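Undergrad: Structure provided below as structure tokens; questions to follow.
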Amino acid sequence: MATNYVDNAASGTAAGSGPRGSSADLRPSKRARPNVPAGVMSVVWLLIVIVPIYWIVITSFKSSAGYYGSNPMAPSTDPTLANYQLVLESDFARYFLNSMIVTIGSVVPAVLFSFMAAFAIVRGGGGRYLRTVNSMFLMGLAIPLQATIIPVYLIIIKLQLYDTLQALILPSIAFSLPLTILILSNFIRDVPNELFESMRLDGSSEWGTMWRLAFPLTKPALVTVTIYQALQVWNSFLLPLVLTQSPDKRVLPLALWTFQGQYSVNIPAVLASVMLTTLPILALYIIGRRQLLSGLTAGFSK
Amino acid sequence: MSTASTTVPRPPLKVVAGSTGRKTGSLAWMTLPAVIMFVAFGIIPLIGVFYLSFMNWDGIGDITPAGFSNWTAVLADSALVSALWKTFLVMFLSWAVQTPLSILLGVFIAGNQKYRAVFAVIYFVPLLLSAAAISIAYKALLDPNFGLGAGLGIGFLTQNWLGEPALAMGVVIFIVSWQFVPFHSLIYQGGVRQIPVSMYEAAQIDGAGRMRQFFSITLPQLKYTIITSSTLMIVGSLTFFDLIFVLTGGGPSDATRVLALDMYLRGFRGNNMGQASVIAVILVLVGLALALILRRLGGKDSNASQLEGA
Chain A
1 MATNYVDNAA
11 SGTAAGSGPR
21 GSSADLRPSK
31 RARPNVPAGV
41 MSVVWLLIVI
51 VPIYWIVITS
61 FKSSAGYYGS
71 NPMAPSTDPT
81 LANYQLVLES
91 DFARYFLNSM
101 IVTIGSVVPA
111 VLFSFMAAFA
121 IVRGGGGRYL
131 RTVNSMFLMG
141 LAIPLQATII
151 PVYLIIIKLQ
161 LYDTLQALIL
171 PSIAFSLPLT
181 ILILSNFIRD
191 VPNELFESMR
201 LDGSSEWGTM
211 WRLAFPLTKP
221 ALVTVTIYQA
231 LQVWNSFLLP
241 LVLTQSPDKR
251 VLPLALWTFQ
261 GQYSVNIPAV
271 LASVMLTTLP
281 ILALYIIGRR
291 QLLSGLTAGF
301 SK
Chain B
1001 MSTASTTVPR
1011 PPLKVVAGST
1021 GRKTGSLAWM
1031 TLPAVIMFVA
1041 FGIIPLIGVF
1051 YLSFMNWDGI
1061 GDITPAGFSN
1071 WTAVLADSAL
1081 VSALWKTFLV
1091 MFLSWAVQTP
1101 LSILLGVFIA
1111 GNQKYRAVFA
1121 VIYFVPLLLS
1131 AAAISIAYKA
1141 LLDPNFGLGA
1151 GLGIGFLTQN
1161 WLGEPALAMG
1171 VVIFIVSWQF
1181 VPFHSLIYQG
1191 GVRQIPVSMY
1201 EAAQIDGAGR
1211 MRQFFSITLP
1221 QLKYTIITSS
1231 TLMIVGSLTF
1241 FDLIFVLTGG
1251 GPSDATRVLA
1261 LDMYLRGFRG
1271 NNMGQASVIA
1281 VILVLVGLAL
1291 ALILRRLGGK
1301 DSNASQLEGA
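Those protein sequence lines, which keep their order, are chains A and B.
According to this note's numbering, the first sequence is numbered sequentially starting from 1.
According to this note's numbering, the second sequence is numbered sequentially starting from 1001.
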């Protein structure tokens, strides 16, 4: 029962479903009148989103010579993979691997640390220390953490981590904590207290309760924050720009930028590099789409 | 969402967390990994940025005390006023463009029809792309010689988008909206779904039309959602670094040189970390001040519920 509730909260469509839909059902005489302005706007926005993406996709398959003469909105009559080949030959496999290491290396610990902290904040009884910790992370939400990049750079140099992948992982973990803790503690709060009580009566330690009760019940939220933070780290640009230097430590967004500087006139190749760096994220989105969309809605709308 | 949460059905079992009176102080250690990481790479750098603003440092050599010289230099520099103004402009324009769009789209995708869910899935795609990828793609798309406009031969599209100060600013706002409107629509969708159906039913019985319902029920009920979303937009706008950096590099002639960019350029290009830290301090203060103002606007009630999820 509690599981159901949490799932509903996460899917953002509580069993009764949206007010708009239900209210429409209650007025059969009037419901035929469509919401024209919102409908028109939604289609216009759809075009605004799709047209540039469509252009990126079709152009990335055009040959660099054939690009200039062709109709930019028509797919190539003679599609080629040469652009993708050029990108892959520019060592993108390595940058891809670097991005994977940094993303997994920072998101997994960040989510685990956040989960433990959120559990303690919610279940710890509101002592002075825990309240201080809670307000520290809330304050972290209000501060543009990029503003701390210069001291972070200094710390990384002092730790002799400059130009390593760890230099990207450590601050990425720290930067993702405030939001992750906020969202997770919202979800842990929704677990009915009775369940915690019965775990306690069964003699479970708080540590055991955390893993056997809170963890499975917060799973939808955990998946959401994991995907969201993975996206943030995968796309992060400032940290790698400031904290790394050599090509073999490059991550994808930085590689993209360098590649663009090198091949700026070869637009199809540049767009192929954009496509290649986006594909893994797109694949992840197709798999975890429902979880991400509904989880974010629930996380921010409370 | 305190008003909504009292009316939305919730499990009856819900008890305020931590009110059991059990001594659970032993849980404090569980926060340690998070606290240590955040102190090391969040709090200490935050203090460090104040410290470095009173130091001379070129980013490589020794750090030496500078007294107030960085502060006087930056505050006397007209570039600061310009950067503040550009930051404010980006903040205000991106908020003013995104908010109405996000509310309308949020109300729209809150409907139950299947195709609306499909729309939502497509709307979300730009949010997946990195700012670097988006900027690079738009740079190519808007290129006056090789871009989309030139290829189609449409005069309006063939302007020197990134070469004219006013146009460049417009492009930045457009791209920001292109990327983030879907995210905020999603927040509004969640807010709309929490409005009790009974309110619309009552309005219908009273004969209120759709417009009336929107302005008398939907908008007022979304108050806290609007504050959440606006806070994210406004505080977030301080950090549009990568997008502008890749797109215009701050140009043309500093037209898009916002504070975050100014900090980077002074520090890592101009090798003046002291002055860059002054800009960073200003950035932090502006961020905190804005967050506080927005919390005030929301009233005490809302910040408890918005920020602590009560």
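Note that CB positions come from ideal geometry on N, CA and C, so glycine has one too.
All of these numbers come straight from a predicted model, not from anything done at the bench.
(1) Just reading off the alpha helix (DSSP H) that VAL1121/B is part of, what are its end residues?
(2) From PHE237/A, TRP45/A and ASN235/A, pick the residue whose C-alpha is nearest to that of PHE1124/B; which is it?
(3) So, is the C-beta of ASN71/A closer than 8 Å to a C-beta in chain B?
(4) Going by DSSP in three states, THR1248/B sits in which element: helix, strand or coil?
(5) If contact is defined by three or more beta carbon pairs under 8 Å, each pair taking one atom from either stretch, is the segment 97 to 104 of chain A in contact with the segment 218 to 238 of chain A?
(6) Is THR1064/B helix, strand or coil by DSSP?
(7) Does DSSP classify ASN1272/B as helix, strand or coil?
(8) Under a three-way DSSP split, which group does MET1037/B fall into?
(9) For GLN85/A, does the count of other Cβ atoms within 10 angstroms reach 16, so buried, or fall short, so exposed?
(10) Per the DSSP calculation, MET1055/B is bridged to which residue(s)?
(11) If the cut-off is 7 Å on Cβ atoms, which residues from the segment 279 to 291 of chain A count as contacting chain B, listed in chain order?
(12) Helix, strand or coil: which one does DSSP assign to ASP1301/B?
(13) Can you have a look at ASP1262/B and say buried or exposed, based on whether 16 or more other CB atoms are within 10 angstroms of its CB?
(14) Evaluate the contact criterion for the segment 1161 to 1181 of chain B versus the segment 1241 to 1253 of chain B: three or more CB pairs, one atom per stretch, below 8 Å.
(15) Please classify TRP1161/B: does DSSP put it in a helix, a strand, or coil?
(16) What are the residues in the segment 1237 to 1264 of chain B lying within 8 Å of chain A by C-beta distance?
(17) Show which residues of chain A have a CB atom less than 9 Å away from the CB atom of VAL1235/B.
(18) Please classify SER198/A: does DSSP put it in a helix, a strand, or coil?
(19) Using the rule of at least 16 other Cβ atoms within 10 Å of the residue's Cβ for burial, across every protein chain shown, is GLU206/A buried or exposed?
(20) Mind checking if ILE1226/B is an interface residue toward chain A, Cβ cutoff 8 Å exclusive?
(21) Would you kindly check if the distance between the Cβ of SER1229/B and the Cβ of VAL1090/B is under 8 Å?
(22) Does DSSP put PRO75/A in a helix, a strand or coil?
(23) Measure from the C-beta of LEU26/A to each C-beta in chain B and report whether the shortest distance is under 8 Å.
(24) Does the CB of ARG1210/B have a neighbour CB from chain A at under 8 Å?
(25) Just tell me which of THR258/A, LEU293/A and GLY208/A has its CA closest to the CA of SER1185/B.
(26) Could you list the residues in the segment 1082 to 1093 of chain B with a C-beta less than 8 Å from some C-beta on chain A, going in chain order?
(27) Taking 8 Å as the cut-off, does the segment 48 to 61 of chain A touch the segment 268 to 279 of chain A (at least 3 CB pairs, one atom from each stretch)?
(28) Across the segment 1113 to 1132 of chain B and the segment 251 to 267 of chain A, are there enough close Cβ pairs to call them in contact, namely three or more that are closer than 8 Å?
(29) Just verifying my parser: in three-state terms, what is the DSSP assignment at THR1218/B?
(30) To be precise: take each residue of the segment 1122 to 1135 of chain B, compare its Cβ to all Cβ atoms of chain A, and keep it if any distance is under 9 Å. Which residues remain?
(31) Going by beta-carbon coordinates alone, are LEU1283/B and ALA147/A separated by less than 8 Å?
(32) Can you check the segment 222 to 278 of chain A for any alpha helix (DSSP H) of at least 4 residues that lies completely inside it and give the ranges in chain order?
(33) Under the three-state reduction of DSSP, which class applies to THR218/A: helix, strand or coil?
(34) With respect to the alpha helix (DSSP H) encompassing ASN83/A, which residues constitute its N-terminal and C-terminal limits?
(35) Here's the rule I'm using: 16 or more other beta-carbon atoms within 10 Å means buried, otherwise exposed. How should ASP248/A be labelled?
(36) Using a Cβ-Cβ cutoff of less than 6 Å, which residues in the same chain neighbour VAL1181/B once the five nearest sequence positions on both sides are dropped?
TA: Taking the geometry as given:
(1) Counting along the chain, VAL1121/B sits inside the alpha helix (DSSP H) bounded by residues 1114 to 1123.
(2) If you compare the alpha carbons of PHE237/A, TRP45/A and ASN235/A with that of PHE1124/B, the shortest gap goes to TRP45/A.
(3) Yes, because at least one Cβ of chain B sits closer than 8 Å to the Cβ of ASN71/A.
(4) Here THR1248/B sits in coil by DSSP.
(5) Yes, since at least three Cβ pairs between the segment 218 to 238 of chain A and the segment 97 to 104 of chain A fall closer than 8 Å, the two stretches touch.
(6) In the structure shown, the three-state DSSP call for THR1064/B is strand.
(7) Reduced to three states, the DSSP call for ASN1272/B is coil.
(8) Helix, per DSSP.
(9) Flag for GLN85/A reads exposed.
(10) The partner list for MET1055/B (beta bridge, DSSP) reads PRO1065/B.
(11) Per Cβ criterion, the list reads ILE281, LEU282, TYR285 and ARG289.
(12) Residue placement at ASP1301/B is flagged as unreliable, the pLDDT there being 42, under the threshold of 50; the coordinate-derived value follows with that caveat. DSSP places ASP1301/B in helix when its eight states are reduced to three.
(13) Flag for ASP1262/B reads buried.
(14) Per the Cβ contact rule, the segment 1161 to 1181 of chain B is in contact with the segment 1241 to 1253 of chain B (3 or more Cβ pairs under 8 Å).
(15) Secondary structure at TRP1161/B: coil, using DSSP grouped into helix, strand and coil.
(16) Residues passing the 8 Å Cβ filter: LEU1238, THR1239, PHE1241, ASP1242, PHE1245, VAL1246, ALA1260, MET1263 and TYR1264.
(17) LEU141, ALA142, ILE143 and PRO144, listed in chain order.
(18) Taken through DSSP and simplified to helix, strand or coil, SER198/A comes out as helix.
(19) Counting Cβ neighbours within 10 Å, GLU206/A comes out buried, since at least 16 surround it.
(20) No, ILE1226/B lies away from the interface with chain A (no Cβ there is under 8 Å from its Cβ).
(21) Result no, Cβ atoms of VAL1090/B and SER1229/B do not sit closer than 8 Å.
(22) If DSSP states are grouped into helix, strand and coil, PRO75/A belongs with coil.
(23) In this prediction, LEU26/A scores a pLDDT of 42, lower than 50, which makes its location untrustworthy; the coordinate-derived value is nonetheless stated afterwards. LEU26/A has a beta carbon lying within less than 8 Å of a beta carbon in chain B.
(24) Closer than 8 Å: yes.
(25) Cα-wise, what sits closest to SER1185/B is LEU293/A.
(26) Listed by position, the residues of the segment 1082 to 1093 of chain B near chain A (Cβ gap below 8 Å) amount to none.
(27) By the Cβ test, the segment 268 to 279 of chain A is in contact with the segment 48 to 61 of chain A, since at least three Cβ pairs between them sit closer than 8 Å.
(28) Counting Cβ pairs under 8 Å, three or more are found: they touch.
(29) THR1218/B carries a helical assignment under DSSP once its states are collapsed to helix, strand and coil.
(30) Listed by position along the chain: ILE1122, TYR1123, PHE1124, VAL1125, PRO1126, LEU1127, LEU1128, LEU1129, SER1130, ALA1131, ALA1132, ALA1133, ILE1134 and SER1135.
(31) In terms of Cβ geometry, LEU1283/B and ALA147/A form a close pair [threshold 8 Å].
(32) Complete alpha helix (DSSP H) runs here, min 4: 238 to 243 and 252 to 262.
(33) The answer is coil: DSSP assigns THR218/A none of H, G, I, E or B.
(34) According to the DSSP assignment, ASN83/A belongs to the alpha helix (DSSP H) that extends over 82 to 87.
(35) So ASP248/A ends up on the exposed side.
(36) Same-chain partners within the cutoff: GLN1098, LEU1101 and SER1102.
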